[in-house]
Structures are given as C-alpha cells and as structure tokens.
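Student:
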Amino acid sequence: MLGGNLNQSTVTKIQHLLLQHNAFTQLYKHAKDIPKDDDMRLVLTAQPRSNSRTHNLPTCSEIAVLFSETSKSGRHILLHGTDGPVLSEVVPNYRVGKHVCLDRQPGEDHLFRIKEFHSAYDPLQYPLLFPTGTLGWSYGNKSGLNGKNVSLNNYARYHLYERGAFSPLHASGPLLQVFAVDNFAKVENQRLGFLRDQTNNLRSDTYRAVHDAVSHDVDVNSIGKRIVLPSSYTGGPRYMRQRYLDAMAIVRKYGRPDLFITVTCNPKWVEIDRELELAKEDYGFKRPPSDRPDLLTRMFRLKLLAIEAMLTKGILGRQGAHVRSVEFQKRGLPHAHILVIFSGDDKIKTAADIDSIISAEIPDKEKNPRLHKIVTTCMIHKCSDRCLENGKCKKNFPKAYCDETSIGSDGYPLYRRRRSSAERPSEYTNQYVIPYCPTLSAMFDCHINVEACTSISAVKYLYKYIFKGSDRSNFQLESSKLDEIKQYQDARYVSCCEALTRIFSFDMFNRSHAVENLEIHLEGEQVVCIPTDRPMSPQELARRNRTKLTAFFELCRENSDSQARARECLYHDIPEHFVWNSNLRKWTPRKRGGKRMIGRMLTVSPRSGDCFYMRMLLCYRRGPTSHEDLRTVNGVVHPKFKSAALALGFLENDEEWLTCMREATETATPYELRTLFVSILIHCEPADARGLWNKFEDEMSQDFHRMYPDDSQKSTAFAIQALSRCLESNGSSLDRFQELPQLAQFEQYFALEETNRGRQSNRLVAMESSHNQEQIQGILEGKSTMTEEHEVFYNDVMSEITKESNVRRGKVYFLEGEGGSGKTFISNILLAQVRSMNKIALAVASSGLAALNLIGGTTAHSRFCLPRSLHELSRCDVRKQSHLAELLRLTELIIWDECSMMHKYAVEAVDHMLQDLMDNALPFGGKVVIFSGDFKQMLPVILKGTPGLILEACLKNSYLWSNVAKFHLTVNMRLTNNNSESVREFAGLLKSIGHGTYPTCTELGADYIRLPDDLAIPYNSPDDLGSFLHSVYQDMNNLRINELRSYFGCRAILAPKHSVVADINTTLLERLTSDGEMTYLSADSVAEKRDSDADACEFPIEFLNSIDINNFPSHKLHLKVGCPIILLRNLCTSEGMCNGTRLIVLELKTRCIKAQIMNGSHKNKIVYIPRTTTIHDGEQNNYPFELRRRQFPVQVAFAMTIHKAQGQTISHVGVYLPEPVFSHGQLYVAMSRAQAKGNIKFLVANGQYEGLPGIYTKNVVYQEALE
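Add 861 to the 1-based position in the sequence shown for the numbering used here, that's all there is to it.
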C-alpha cells in the first residue's frame, strides 16, 4: 500500500487542511464513515497457451494500468454523498449531466459516479496533488496562449513538465506513476471512444479495399457489425502489421539487416543522477530513479536519438537503412530494438567484419577500466529463476569457449570467447558476456546488446519480434461480439514508462525511409468515398475515381520525356521518382527526397482471387498502361490475371509439363524423353500423369516403333518396360503411378521371367539381382592390379561373406585412405565379386555425387529411408513387411562411402533398423558393412555447431565405433604409376595439410600456415580478383561449345562462402559471350501447415522472391548457352543427374534446359532438366513457414563452395579466400581437388602481415577427428 508508514500526526494535519480548503470534502462521506467491503485483489496469471512475448508476467515491481472492456459503464469514481450541500452549490455553474451520474434509492445515500472526463475527477482522485480542489480538464478548456481547445493529452503533458518552482506532482514519489498511467488511460479511452463513435460509417468491405487484406476474415453475416480499429491508431494490431510490412519493404529494397541492437535504459546515468541531486534540496532527500519515471523516459529518448544519429553518420559503417521499435515488456525500464542495414562494402560478410564491431569478451581492466566497468555491470548475463527452465538457462548461458568467431550456415554467428588466464572460479567469465559493441557501450554506458545478422533467414524473426504488439496480461475476460477495439483493450497492460512515452508524444517506432502505401484493385473496383451531406458532380466523381494505381497507368501512357522514366519503373518503384498529389490525385515528378522513399504495394490475400494475381504481375511488369495491358503476355490478352501469371511461369500448373515435354521433343531422343518423363513423375507430381503419357507416347516409344514397325502395341509395351526400369533404378516403381499402363497389361510380349519380375516378385530384389554381367566381369579383371593392402582387405571381407550362415556373426569395417589410395577401386571389386555370386550387395554414399562412383550406388537417405531431421531417437521409415525390408534381409554386403561427413545418428538409425529386421542384436543385424571415408575431409554439417558439437556428431563418437575393424590404405596408386617428383611433393603437402602437421606460424596462431609461395597470390585490389578469374578461364570465349565441355569440366574456382561464389559466378557469366541467354523467374509460395503462424500466407511475393538460401534454387536464374551449371538436387541418379553433377548448357527453352554432363561415369550424356518444386524447411532458418519454390534446380558453376566441391575431380583449381576457411578439412578438400601442384592457385585477402614474409591463411584441423 502506498504510504503505509506515514506519521499519524502528519495525516491529521493533511486532513484538517483538506477540510478547511477543499470544497469537495463537504460533499462526500469519508472512508471511515463507510462500511468496508470484503478485501479484493487482482491476480495476474501466466497461461500456458498465451503468447509469451506479450502475455508474460512482470519481472519487476512497477505501477501500471490494466485495460478491460468487460464493463460498459467506463471508468469512474463512486462517492457516497452527505446530507449537506450538493455539487452544483460547491462547483459554480455545474450540473449533473453526461459525466456525473446521481443514483439514489429511498432511504439510501446519494451515490455519485464521477466519470473520468469530468473536471472534478482529478481533484477527487488526487486530493494531495490538488489540495484546494482545483478543477481538472474538461471538454471546452481553452489555452491561455492562443485560445484554442486544450486536448486531454496536452493537459496531462503540461502537468508532467517541471517549471522551476516546487511541483507537488514530481515530489509525490509513486503517486507520480499512478497519475501518469491514470491520465494515459483517460487519453486512450477518449481516443478509442471517438473511433467507436465513428464506426457507423466504416464497413468491412470498404475498409479491406484500402488496407492490407486479412487472411482469416470471418463471414460478416455470422458475426454482426464489426467495430474497426484502424491502422492509423498507434499500437493497434493493424498499425503494428503495417509497420512490419513497411519494414519488410525496406528489406526488399536494401537487403537483410546486418545488426540487431537492443538498447535498455540505465537508471544510473549521470544525467539522471545529477537531476536527482539537484532536487534533493526541494524534497529533503534524494529520491530513487523509480520515483521519477518522467526523467527516465525523457533521458532514454535523448540517448536513443543520439545512438540513431551516430549510426546514421556511419560510426559502425555506412548505413543504408534502419528500423527502430521501443518496448517495455513489463520490465520497468524502456528498451528499444534497432535493425541496421549497412550499404555496399560495409555489409557484414566475414568473421573479421563481426570482430571489428562486436565483442563477447570482458575487456582488460588495466587497459580500459571504464569499459571494463560498463561491461561487467551491464553486459553480463546472470542466470536467475526467471530465465531457468528445468535447471537450464533459456538463453543457453554459459556459452562455449571459442577461439575465433565463425558464421553458421543458418546466419547466426558464434562469437569469439577466449579463455582468459586471469579468470577466477568465483567470477563471471567470457562465457556469460552478452555480445556488445565496445564503441557504443563506451559512449552510452548502458545495456546495448549488438548481434550480427548475416543471413536473410534471420529477417522475419527479427522484424516480427520488434513489431509483436502491446503488452498484455491474463485475467477474467468475456466477449460475445467481434469488437476490434474491445479486443485491443482487453487485458492490455501499460506501464508507467510507456504511458509517459505516449503522453510526451515520443514516437514508438521509427524508420530511416518513408514508405508510400500503394493501392491494389481490379478494374472498376476501387473504393470511392461519397459525401452524404451534398450532391457530387460528375467531374468530382471522376477525380475521386482516380487511384494511385490508375494514375500510374495514366503516367505510363503519357509520351512526355519527363514521364519516360515511369515506363521503366515497377509500380512499387514509382514513389522514388514521383510524388503523389492527393489534391490533384496524380503522380508528379519528384524534385528531391527520392532516396529516402520506398513504395509498398498493399498485400492481398490469396483468397482474394484475381486481385492477388494482378498484384503478382505488378511485381514484375514495368510500365503497364492499363489493366488490360498488364494481362497481355507475348501479344496475347488473357481474360484473367491468373492465366497471365501462369503463362509467365509465376504459378505452379500442370500445363508447364506439357510445355516442357513439347520443347524437349524438338531435339531429344526417345530414351532422353523417357528419362525426362521419369524426373517429372518423381519430382514434380503431375496431376494427370496418364494424360501426359498419352500426349507424348509416340515420341517416347519411337525407338521401339522402329524395331517393331508393324506392332504399335508391342512398341508401347517395351516403352513401358523401359520406363519401369528407369523408375526402379531411381528408387521408385511403376506401381506408384497406377494411372499409367502397367506391365501386366503386356505380359504376352515379355518372357515369363520378365513378367514375373514385373508382376509377382519383389521389384527391388529383382533390380539388385540383375546387374550387367559384362560390367561386373570388366571390374573383376582389375583384381590383378590390387595392391597388397587391397588383397588383405579383400580376403578378410570375402572370408566373412562366404562363411556358413550358422557361424556368421557379421563384421563392420572402416576403410580409410588418402585420395588415390584406391578406396573406390576396392569397393567396386567387392561389389562385383558378391554380385557375381548371385548375392545382393548394396552400395550407398552420403551424397549423390559420391554414389555415382560406386556401381549401382545410391544415396543412403533414399536407400534406408532416413528422416530429414536427425536426432538420437531417429529411426528409418522401413516397415517390416515391405519390399525394402525383404531386400535388406537378403543383402550380404553393404558399402557406405563418404561416411565421414554423415551424422552418427543416421548410421545408428540404420543399425537399429537392421537389428529389428533381422531379429539379431549384433551390430547391423549381423550384416557385413564397410564404411569408407576420409576424416581429413569435411565432417557433418551442424547448424550453429561448435567444434565440440561437430566432433560429437562424427561416426567415431558413436557407440558402434568400438565394434568397427579399421583398415588404413597407405599406398597411393597415383604415385606408383607416376614417378614425377612434383606429384610426390604435392601428395606430401596434401598429407601434412590434412593431418595438421604442416608448419604453423606461432605469431599468428596455431591454425595459421604460410602457403607455398608458388601457390599463393595476394589480394590487394579488385583488379587482382579480375586477373585471377581471367587466369582460370582465360580461353572460354575462344572455344566452340563442343570444346567448352571439356574445358569447363576440368576447372573451377572454389571459395568458402556461398555469397562469394554467387558474386564470382555473376561476374564470369557476364564475361561469357554466347548465342543465347534466358532469365528464369521462380514461382514462390508458402506451404501452410497447422503449426505455422496465422499470417504466414500474407508474406508478400516480393519478399519470398528475395529469399536466397544456400544450395536452394534462386528466384532469378540467369543462364547462357555454353555456361557451366551444377545440379542442386538428385533428379535421376541412374542417369548421373545427382546433387553436385556439373553440366554445360546446350539449349535454353522456356520450360526445360538441355545440358550435357561434363564429368564422371556419365560424362558426355545429354539430359533434359525440368523445373521442380523444392520445399525449404523454414524451421531450420527461423521461418514460421515452408517456402515452396518452383524453379530449375541448378545454379551457375564457374565457381562453387568448397563443401560442394567435395567429391569432384578438377584438374585446374583456383581457390579464392576473401577470408580464411572456418571448418575442419576445408583447406584440405580445396587443395586435394587438383592432382598436381602446378594446377592450383590461391588468391588470399588479408594474408600478408607486417614483419612476416609470404602469404598466410588458416588450416582448421580437429585433431580429435583424426585420432
């Protein structure tokens, strides 16, 4: 209770003073004269299903106001009147009316309800602040300066400012907080009451036309009249959503944010302390900062503006844009979130860029005592009860030590946190430091958390976080009518600092750029506001009928030079060059300020029909002159915008498979057409597969028509047979597509065994039992070239396989060796030997590319039905009575290549599955299993993975490893056939790099090595990169396309990061001269699911288009005939079309790409690539949705990431290191792609150091992985 320990005599004096000077004391009974009611209390609760960001409990003691609309009578003071004078006698010229209610029953007291807008409300509510009964605000109060009406907000603000003289309000301690929240509640209720009174003129249909569509609209006939809270109301849900969409428009224009900054008010700022010291003379003692929330709010505002000004001036880098939001979150003190987007070369790309701005270490106390004090006071996370869950910190403190900053593939960095020798067990260490910017922390002395955002995947989470809405609390709540104002008020929680921020009219949100909202409407369906108090002339109606969209069309139709720019603009780019004149309702040329203006088309729900597709077209079409022109594609006027979008490929539709096949038939052979058809069946899931077959049956059967010209049914039968075999070799079957003709329909044309194979037996077993015997014998002829190590390993494995079943216990091997030691060679010989004995041997690999090196190989994920997301309890999706289960039971040998990069949980899942299928508790159910790989290469990819997590995921840390027999191949077969000293020298260099034994530079760190001088080139300017690219591809414009295949197939540029690779590919593609080129745009959409956010479907198409994810097809794909490309997914593994396959483009069609494989066992094979639908799991990148993108699954491949290059054979390699490698084995993989020292060059940025000769870079090797 406030004032619970006041002196009794002081209270008595105050009471006498009020009785003598305050007229209101004569009107009403005192508390002591009224019987006490039962004690009541309001309890705030945390409901499990509530939004934890808005409905969380307060974390500190503070005074706040709770809004509730359960009572329709409004807020008021209830007073018991006396038998003495009445209100009109005490307050001259005042009568009982709108804001005073008199309730009286015979024999009862007068009951006065003084409503919040009555002038007597303040003196009655706060008699100590208005001891003489001075009347407060009322309607019609005039200003003494200009005679204008004084608003309630300005009246409250007037009292909250100090004016030099003693102020009872500012000396009242916690009562100041009560006054602030109470007056803000009055201001809000007045504003919302006005909006409710105006809703008779606002209907839902007209409102939707001028505001963003809502994806979950309810039938207005079933909910009655809607009371609408407009987007202009600060803090309302529509307001928050518009601010969020405005921020996303800035992302579309300027790209992902680079910094996420959180600033929290510091009550110990020297300016606040100085003011409290000055006021000490008036109050007699120094008040705590919590008693002066007005000081805290105003000082936080000044500091926040200063921080924004420093960021705008470029203190951390040239700023392209920023967005800021102020929040309170029931924590007592205000805090702000700022998202900063840098421009140009200042964007954060590397770990060095992060280290130049952010630190997560405690500074040296001797060198920088002030910063040390700030960090240890404000930037240490001290785990308390509110952040602990099941004994663990929700924020994952303490963090792991880390010697170097690294950037995870999900875009979130792992900051450098080195172990300090000065640390004591009783002190907080670098593990508890919240990332901060030393520059900002030293300047502003408060909690300023600075986080780096290096991926677009962080954007949605951050923007949604800072625009999540008002704080709320859970208490009793009832509602029977959809009233948006009531929904907004119910349970709304407003703290004192928030109330003061709003009363002072400080902006809660700010952004660097103005955003112009642009209407979207179909022809003739724009909203026209018609006044009801006067008639409207035809001229005025025509003017009102003109919208920003129709004015844009008119602008594009004009022929003047000044309007020529409009015809080159997209609709959302118009505000940058033109100003909307609301009086003339037309666009006029902009004279200044365009750089700080962004246009945003209002979002439209997909349920809005053709309007949604019209908006989609406006995202891509420049300078349309009308709605009809916008629907015109290649001279054809489409009746609907949807059909125009389909024609341009912006939507998913089965028509494109007809177009794809039709285009391919122009040049493809029947065999190639069947392969393309299989790719479409497996990866594109056409709705009418039978219709597609019927349409192109003749073309796909043409080779058999030539063989059987007189029997079309027989040629169809053999075409179906070929189709079935192609499906089976790619892990599918004809049975999955029952609408297609089945083999049983043509059994009269096949031998009995073939019919049985197609109809009765297990197709998987049949396929694995029918390998090409000539190929098998050809491989077995290579046994004569086996080394002694190969023979030892071969004999050991075969002795295990040939044991009698009653004594066989199975065995697990791990075959390790350097590149060139013959791991693949001996694996293929073992596969061939087992298959020659009419037994089943399965070959799998961790990647599609590695699987191509094994005869009959496929990926481990597809063969064993491994789950996409792996964890300790992951299991394979194989049913015990399935065909796959039967195949696995009959298998004698399993060879698993590239296991070093596979997560141990995948291997353990296969172990559990085989034990279950075989009813055998031995490892892998007693099967003979051979793992092969090289732990010097890259290890499993772990999101946000520290070295410890990566090592823990390795097969070597599985419970299975103790049961594995290890074989190490030491003889390099390449060296035995090549006596060149340079080759031997290069092999030795690779071995020392891989093992981490190459000499390091102790001055720079344990990981740094000096590259051989004849391999390394320093990067001093962009011209050096240009020369480097030219040295690798200097002849590409001098060769014919048939020569380019071998030219591009034997060379590539490697880099650690996807962003660097993309830039190099863009540069080299521009340099390539070509006879044809094409730009393909993807069809993007959101795949809704039950646990996704309700607003996921409202992501603007242009934002979805802007998402660029590693190893995921790009929205905009620009290709040229003759350029190298790489596949991003497995399409048809039996034909060599695997994730990582490199090809050269031969022809570019609208819906298919004709290409030729450049390397591997399918070298020179011509294939046709369709557009496929790829779904990205948003959970891995903090998106609340799955992104569906239909696009060609390829990217330009002049350059590729080092990770993508693993498994590739490239004779000429250029390695570009704008920053050092960051993960185990990357440098080794990059160097080992080349087979000779003279065929590899490094371009290294920041690799030269003063006083040290040569060029240096990092070689990251986890020795634990090699032990």
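All residues carry an ideal CB built from backbone N, CA and C; glycine is no exception. Note that the structure is predicted; figures quoted are calculated from it, not measured.
Leaving out the 5 sequence neighbours to the left and right, which residues in its chain are closer than 7 angstroms to Pro-988 when beta-carbon positions are compared?
Tutor: Leu-879, Asn-883
Student: Do you know how far the Cα of Gly-1205 is from the Cα of Tyr-2077?
Tutor: 20 angstroms
Student: Taking all protein chains shown into account, decide if Glu-1759 is buried (16 or more other Cβ within 10 angstroms of its Cβ) or exposed.
Tutor: buried
Student: So, at 6 angstroms on beta carbons, what are the nonlocal neighbours of Leu-1301 in its own chain, with the 5 sequence-adjacent residues on each side left out?
Tutor: Ile-1309
Student: At which residues does the alpha helix (DSSP H) containing Trp-1554 begin and terminate?
Tutor: 1550-1561
Student: Give me, in chain order, the residues of the same chain whose beta-carbon lies closer than 6 angstroms to that of Thr-1536; leave out the 5 immediate sequence neighbours on both sides.
Tutor: Cys-1993, Glu-1996
Student: In angstroms, rounded to a whole number, what distance separates the CA positions of Leu-963 and Arg-1457?
Tutor: Model confidence at Leu-963 stands at a pLDDT of 43, short of 50, so the residue's coordinates are unreliable; what they give is reported in the following sentence. Near 57 angstroms, if we compare the C-alpha coordinates of Arg-1457 and Leu-963.
Student: Quickly, what does DSSP pair Phe-1792 with across the bridge? List them, please.
Tutor: Phe-1675, Trp-1757
Student: Could you tell me the distance, in whole angstroms, from the CA atom of Ser-1540 to the CA atom of Gln-1798?
Tutor: 32 angstroms
Student: Just how far apart, CA to CA, sit Met-1774 and Ile-1791?
Tutor: 17 angstroms
Student: By the 10 Å Cβ neighbour count, where 16 or more other Cβ atoms means buried, how is Ala-1578 classified, buried or exposed?
Tutor: buried
Student: Can you find the residues in the same chain that come closer than 7 angstroms, C-beta to C-beta, to Arg-1418, ignoring five residues on each side of it along the sequence?
Tutor: Thr-1486
Student: If I'm right that Phe-1847 touches Lys-1684 with Cβ under 8 angstroms, what's the distance once you round it to whole angstroms?
Tutor: 19 angstroms between Cβ atoms; not a contact.
Student: In terms of DSSP beta bridges, what is Asn-1371 paired with?
Tutor: Arg-1185
Student: Ala-1770 to Lys-1409, Cα distance in whole Å?
Tutor: 59 angstroms
Student: Under 8 angstroms between the Cβ atoms of Gln-2052 and Arg-2032?
Tutor: Cβ atoms of Gln-2052 and Arg-2032: closer than 8 angstroms.
Student: Considering only C-alpha positions, which residue in the set Leu-1166, Ser-1356, Asp-1434, Phe-1785 is nearest to Asn-1378?
Tutor: Asp-1434
Student: Can you tell which of Gly-1937, Ser-1853, Gly-1681, Ile-1756 has its C-alpha closest to the C-alpha of Asn-2120?
Tutor: Ser-1853
Student: Can you give me the C-alpha to C-alpha distance between Leu-1751 and Ser-1708, rounded to a whole angstrom?
Tutor: 24 angstroms
Student: With a threshold of 16 other CB atoms inside 10 Å of the CB of Ala-1026, please say whether the residue is buried or exposed.
Tutor: With fewer than 16 other CB atoms across the displayed protein chains lying within 10 angstroms of its CB, Ala-1026 is exposed.
Student: Give me the Cα-Cα distance between Phe-1528 and Glu-2008, rounded to the nearest whole angstrom.
Tutor: It should be pointed out that residue 1528 corresponds to Thr in this sequence rather than to Phe. Between Thr-1528 and Glu-2008, the C-alpha separation is close to 10 angstroms.
Student: Taking the alpha carbon of Glu-1629 as the reference point, which residue from Val-1695, Ala-1170, Thr-1646 has its own alpha carbon closest?
Tutor: Val-1695
Student: Give the DSSP-derived three-state secondary structure of Thr-1719 in the structure shown.
Tutor: strand
Student: Please classify Leu-1830 as buried or exposed, where buried requires at least 16 other C-beta atoms within 10 Å of its C-beta.
Tutor: buried
Student: Could you work out which residue in His-1764, Ile-2063, Thr-1464, Ala-1505 is closest to Arg-1482 when comparing CA atoms only?
Tutor: Looking at the Cα atoms, Ala-1505 is the closest of the given residues.
Student: Pull up the DSSP beta-bridge partners for Thr-2034, would you.
Tutor: Arg-2051
Student: Tell me the start and end of each unbroken alpha helix (DSSP H) in the region 1502-1558 that is at least 4 residues and wholly inside, in chain order.
Tutor: Secondary structure in the region 1502-1558: the alpha helix (DSSP H) runs of 4 residues or longer, each lying completely within the stretch, are 1502-1508, 1516-1525, 1531-1545 in chain order.
Student: Could you check what DSSP says for Lys-1129 in three-state terms: helix, strand or coil?
Tutor: coil
Student: Where does Gln-1621 fall in DSSP's three states?
Tutor: Bear in mind that a pLDDT of 42 at Gln-1621, under 50, signals an unreliable position, so the number given afterwards is only what the model happens to contain. Of the three classes helix, strand and coil, the one that applies to Gln-1621 here is coil, per DSSP.
Student: Can you grab the Cα-Cα spacing for the pair Ser-1033 / Thr-886, in whole Å?
Tutor: 21 angstroms
Student: Distance, Cα to Cα, Ser-1466 vs Phe-1473?
Tutor: 6 angstroms
Student: Tell me the DSSP secondary structure of Trp-998 in three-state form.
Tutor: coil
Student: Kindly list the residues whose CB is nearer than 8 angstroms to the CB of Leu-1778, restricted to its own chain and excluding five residues on each side of it in sequence; keep chain order.
Tutor: Val-1739, Lys-1741, Ala-1746, Leu-1749, Arg-1750, Gly-1786
Student: Would you report the Cα separation of Asn-2000 and Thr-1720, rounded to the nearest angstrom?
Tutor: Distance between the alpha carbons of Asn-2000 and Thr-1720: 10 angstroms.
Student: Three or more beta-carbon pairs under 8 angstroms between the region 1870-1887 and the region 1899-1907, yes or no?
Tutor: no
Student: Alpha carbon to alpha carbon, how far is Lys-1644 from Asn-1818? Give it in angstroms, no decimals.
Tutor: Cα-Cα distance, rounded: 34 angstroms.
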